[in-house]
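Asks:
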Ligand SMILES: *Cc1c(COP(=O)(O)O)cnc(C)c1O
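Residue numbers (the working numbering): 875 to 1306.
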C-alpha cells in the first residue's frame, strides 16, 4: 500500500508518480527535481469546492493559501478551477497578476504589510485585505481614500484555540503574533474601528487556528467562538458579517502513522454545526471560506535526488547524502517535519537499511529525515522524498549558492516544466 494513490511501483521495480517512472524523470530532467501532479492538485481543489458549496451553501469557496507553493502556473490552475487565493506579500500578488489571475478573488494576509504592499494591492484592485492590526486598518483606510476607493476587509481574529500541534505552526492562541484576540476584548474594538472608517467596507471575520489539523472538532470550535463573537458585535453595533473565513490547516499524511483525512466528511460535520449555530445566535449563515494550503498541494509533490555518498559509521549510524538538502527542503531543520523516503530505483526491495538522509549544505542540521528504513542505496541511486508539494519550493533558498531545482508538472500522462532550474548566471544576476 502506498501513502497516496498517485504513487506506485512498476515492473522494473521503480517508483512511479502520477503514472510516470520517477527514475526516467530523474534521467530526463536531472536532480534535485521537484515533481508536481497537476491532476492531484485539481482533484483536491474540486473536493474542497464541491464539498463547501454543498455543506456551507452557495458563495462558499476554498481559497488556496498560495504560500504553500507559489509560482505562476499554480495561480493559473486556481483561476481555471474557479477558486480564490491567499497572498501574503507583494511578491505573491505580483506572481498571481503575472499569471493572469484575477486578484478580485485574492485575500491579502500578513501581520505586517508594508505601505508599499498596501498601496500596490489597492491600486491593482485586490479583492480583500485580511487586516491583522489597528495600525493596518488605518493605513488601508488612508491609502484607499487617497486612491478614491473603498476597500473590502476581513478582520483577523484570534479565537483562542490551542490546536496541540507544533508551536511554530499554531496560530489560533491568544499568545500569537497574528490577529486580535477575542478573550482580551480587543477584537470587539477592532470591529468597531473597522466600521468607523469611511473607505473600508467590513466584509466579515477571519480566523486561522494552525496547521496539520486532523479533526473537524477544531474548526467546529472556531465556528462556535466566531459566531458568538459575531453575535456580540451585532448586538452592540447591528453589524452582520457577510463572510466567515475559517482559515486553513487541514492535515496531510506525510507518514503512514498519520491519518488519511476525509476532507468532504470533515466539511460536512462543520457545515452541520454551522447551520445549527447560526440558528442559535439568530444570524444569517455567512458565506464560509476555508484556506487550504498544504492539503491542496502536499501530496501532489515529490522530490527526487541522486545519492552521492553513503557514510557508514561502524556500529553506530549510516548517513546517505543526496545532491540537495535544506536549500530545497528546510522543513526538518525548521521544525522536525516528517517525511516518507523511498529508494526510487529499488522501490520493491525490502526496506531494511536504517539511515539518515542528509543534504550537501555546510550545516550539521542539514537533514532531510532522520532514521528512515529504505532499500540500501548506493552511489547514483535515486532517492524520492514523498509529499513535498507544500512549503518546499516556496521555502527554498540559495544557501551555499545552490541552484533551486526546477518544478516539473505531470498531467494526463504529459510532463512539462513549470519553473526552470536556476542557472549559475541566475545566482549572480543581482551581484554588482
Ligand atoms: C498558512 C496559512 C494557511 C494555510 O495553512 P495550511 O496548513 O497550508 O493549510 C491558511 N491561512 C492562513 C492565514 C495561513 O497563514
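Ideal Cβ placement from N, Cα and C applies to all residues, glycine included.
(1) In angstroms, rounded to a whole number, what distance separates the CA positions of residue 1200 and residue 1235?
(2) When the Cα atoms are used, what is the spatial distance from residue 830 to residue 968?
(3) Specify, as a first and last residue, the run of the alpha helix (DSSP H) that residue 1101 falls within.
(4) Between the alpha carbons of residue 1047 and residue 1081, how many angstroms are there, rounded?
(5) Does the separation of the CB atoms of residue 1181 and residue 1252 fall below 8 Å?
(6) Taking 7 Å as the limit between beta carbons, can you name the residues of its chain near residue 1212, skipping five residues before and five after?
(7) Which term fits residue 1305, buried or exposed, when burial requires 16 or more other beta carbons within 10 angstroms of its beta carbon?
(8) Check residue 870 in the structure and name its three-state DSSP category.
(9) If you draw a straight line from the alpha carbon of residue 878 to that of residue 1145, how long is it in whole angstroms?
(10) Return the chain-ordered list of same chain residues with a C-beta closer than 7 Å to the C-beta of residue 930, the five sequence neighbours on each side being excluded.
(11) How long is the line joining the alpha carbons of residue 999 and residue 978, rounded to whole angstroms?
(12) Could you tell me which of 1228, 1203, 1223, 1175 sits nearest to residue 1194, measuring between CA atoms?
(13) Beta carbon of residue 1083, beta carbon of residue 1123: below 8 Å?
(14) Identify the continuous beta strand (DSSP E) that holds residue 1195 and give its terminal residues.
(15) Residue range of the beta strand (DSSP E) that residue 1292 falls in?
(16) Do you know whose CA, among 1171, 1020, 990, lies nearest residue 1307's CA?
(17) Is residue 1033 near ligand 1, with its Cβ less than 7 Å from a heavy atom?
(18) Does any heavy atom of ligand 1 sit closer than 7 Å to the C-beta of residue 1053?
(19) On a Cα-Cα basis, can you pick out the residue from 1204, 895, 1075 that is closest to residue 1116?
(20) Are there any heavy atoms of ligand 1 lying less than 7 Å away from the beta-carbon of residue 1165, as far as the coordinates show?
(21) Report back the beta-carbon spacing between residue 880 and residue 911 to the nearest angstrom; my notes put them in contact at under 8 Å.
(22) Let me make sure I understand the geometry here. Which of 1112, 1168, 1110 has the alpha-carbon closest to that of residue 1307?
(23) How long is the line joining the alpha carbons of residue 1001 and residue 995, rounded to whole angstroms?
(24) At which residue ranges does the stretch 909 to 966 contain complete beta strand (DSSP E) runs of 3 or more residues, listed in the order of the chain?
(25) Measuring straight from C-alpha to C-alpha, what distance separates residue 1028 and residue 1275?
(26) In this structure, what does DSSP give as the bridge partners for residue 882?
(27) Using 10 angstroms around the beta-carbon of residue 983, count the other beta-carbons present and answer buried if the total reaches 16, otherwise exposed.
(28) So, using beta-carbon positions, are residue 896 and residue 1207 closer together than 8 Å?
(29) For residue 1232 and residue 960, I'd like the C-alpha separation in whole angstroms.
(30) For residue 1209, count neighbouring Cβ atoms within 10 angstroms of its own Cβ and tell me buried if that reaches 16, exposed if not.
(31) Who are the Cβ neighbours of residue 914 in its own chain at under 6 Å, not counting the five residues just before and after it?
(32) At what residue ranges does the stretch 1168 to 1248 contain a whole run of the alpha helix (DSSP H), taking only runs of 4 or more?
(33) Please return the same chain residues whose Cβ sits closer than 6 Å to the Cβ of residue 1293, not counting the five positions on each side in sequence.
(34) For residue 1198, which of 1071, 1164, 1016, 1266 has the nearest alpha-carbon?
(35) Just verifying my parser: in three-state terms, what is the DSSP assignment at residue 996?
(36) Does DSSP put residue 1140 in a helix, a strand or coil?
Replies: Straight from the coordinates:
(1) Counted from its first residue, the chain shown places residue 1200 at position 326. Counted from its first residue, the chain shown places residue 1235 at position 361. When rounded, the distance between both Cα atoms is 7 Å.
(2) The structure shown does not extend to residue 830, since the chain is modelled only from 875 to 1306, so the question has no answer here.
(3) Taking the first residue of the chain shown as 1, we reach residue 1101 at position 227. Residues 1090 to 1111.
(4) Translated into the one-based positions of the chain shown, residue 1047 becomes position 173. Translated into the one-based positions of the chain shown, residue 1081 becomes position 207. C-alpha separation (whole angstroms): 11 Å.
(5) As a working mapping, residue 1181 is identified with position 307 in the chain shown. As a working mapping, residue 1252 is identified with position 378 in the chain shown. Yes, the Cβ-Cβ distance between residue 1181 and residue 1252 is below 8 Å.
(6) The sequence position of residue 1212 within the chain shown is 338, counting from 1. Same-chain partners within the cutoff: 1128, 1129.
(7) Along the chain shown, one-based indexing puts residue 1305 at 431. Residue 1305 should be labelled exposed.
(8) The structure shown has nothing for residue 870, since the chain only spans 875 to 1306.
(9) Here residue 878 refers to the residue found at position 4 when the chain shown is read from its first residue. Here residue 1145 refers to the residue found at position 271 when the chain shown is read from its first residue. Here the alpha carbons of residue 1145 and residue 878 stand approximately 27 Å from one another.
(10) By one-based count along the chain shown, residue 930 stands at place 56. Taken in chain order, the residues that qualify are 1145, 1148, 1162.
(11) Your numbering for residue 999 matches position 125 in the chain shown. Your numbering for residue 978 matches position 104 in the chain shown. In a straight line, the C-alpha of residue 999 is about 6 Å away from that of residue 978.
(12) Here residue 1194 is taken as the residue at index 320 of the chain shown, counted from 1. Measuring from the Cα of residue 1194, the nearest candidate turns out to be 1228.
(13) As a first step, residue 1083 is located in the chain shown; it is residue number 209 there, counting from the start. As a first step, residue 1123 is located in the chain shown; it is residue number 249 there, counting from the start. With respect to the 8 Å criterion, residue 1083 and residue 1123 are classified as neighbours on the basis of their beta carbons.
(14) Start at 1 with the first residue of the chain shown, and residue 1195 comes out as number 321. Counted as a single uninterrupted DSSP element, the beta strand (DSSP E) harbouring residue 1195 occupies residues 1191 to 1196.
(15) The residue labelled residue 1292 in the question sits at position 418 within the chain shown. Start and end: 1288 to 1293.
(16) Because the chain here runs from 875 to 1306, residue 1307 falls outside it and cannot be looked at.
(17) In the chain shown, residue 1033 corresponds to position 159, counting from 1. It does not: the Cβ of residue 1033 is nowhere closer than 7 Å to a heavy atom of ligand 1.
(18) Residue numbering aside, residue 1053 sits at position 179 when the chain shown is read from its first letter. In this structure, residue 1053 has its CB at a distance of at least 7 Å from all heavy atoms of ligand 1.
(19) Taking the first residue of the chain shown as 1, we reach residue 1116 at position 242. Answer by Cα proximity: 1075.
(20) Indexing the chain shown from 1 puts residue 1165 at position 291. Residue side-chain check: residue 1165 places its Cβ nearer than 7 Å to a non-hydrogen atom of ligand 1.
(21) In the chain shown, counting from the first residue as 1, residue 880 sits at position 6. In the chain shown, counting from the first residue as 1, residue 911 sits at position 37. The Cβ separation is near 5 Å, so the contact holds.
(22) One cannot answer for residue 1307 here, as it falls past the ends of the chain, which runs 875 to 1306.
(23) Locating residue 1001 in the chain shown gives position 127, counting from the first residue. Locating residue 995 in the chain shown gives position 121, counting from the first residue. Taking the straight line from one Cα to the other gives about 9 Å.
(24) With a minimum length of 3 residues, the continuous beta strand (DSSP E) runs that stay inside the stretch 909 to 966 are 935 to 939, 958 to 961.
(25) Taking the chain shown and counting its residues from 1, one reaches residue 1028 at position 154. Taking the chain shown and counting its residues from 1, one reaches residue 1275 at position 401. When only Cα atoms are considered, residue 1028 and residue 1275 end up about 40 Å apart.
(26) Your numbering for residue 882 matches position 8 in the chain shown. 890.
(27) As a first step, residue 983 must be located in the chain shown, where it is residue number 109. A residue is called buried when at least 16 other Cβ atoms come within 10 angstroms of its Cβ; residue 983 meets this threshold and is buried.
(28) Sequence index remark: in the chain shown, residue 896 carries index 22 (1-based). Sequence index remark: in the chain shown, residue 1207 carries index 333 (1-based). Result no, Cβ atoms of residue 896 and residue 1207 do not sit closer than 8 Å.
(29) The residue given as residue 1232 occupies position 358 in the chain shown. The residue given as residue 960 occupies position 86 in the chain shown. Taken atom to atom, the span from the alpha-carbon of residue 1232 to that of residue 960 is near 33 Å.
(30) If you number the chain shown from 1, residue 1209 lands on position 335. Result: exposed.
(31) As a position in the chain shown, residue 914 is number 40, starting the count at 1. Once the five neighbours on either side are set aside, the close Cβ partners of residue 914 are 880, 1174.
(32) Contiguous alpha helix (DSSP H) elements confined to the stretch 1168 to 1248 occur at 1168 to 1171, 1205 to 1209, taking only those with 4 or more residues.
(33) In the chain shown, counting from the first residue as 1, residue 1293 sits at position 419. Once the five neighbours on either side are set aside, the close Cβ partners of residue 1293 are 945, 1280, 1281.
(34) The residue given as residue 1198 occupies position 324 in the chain shown. Of the candidates 1071, 1164, 1016, 1266, 1266 places its Cα closest to the Cα of residue 1198.
(35) As a working mapping, residue 996 is identified with position 122 in the chain shown. The DSSP-derived three-state label of residue 996 is helix.
(36) By one-based count along the chain shown, residue 1140 stands at place 266. The answer is helix: DSSP assigns residue 1140 an H, G or I state.
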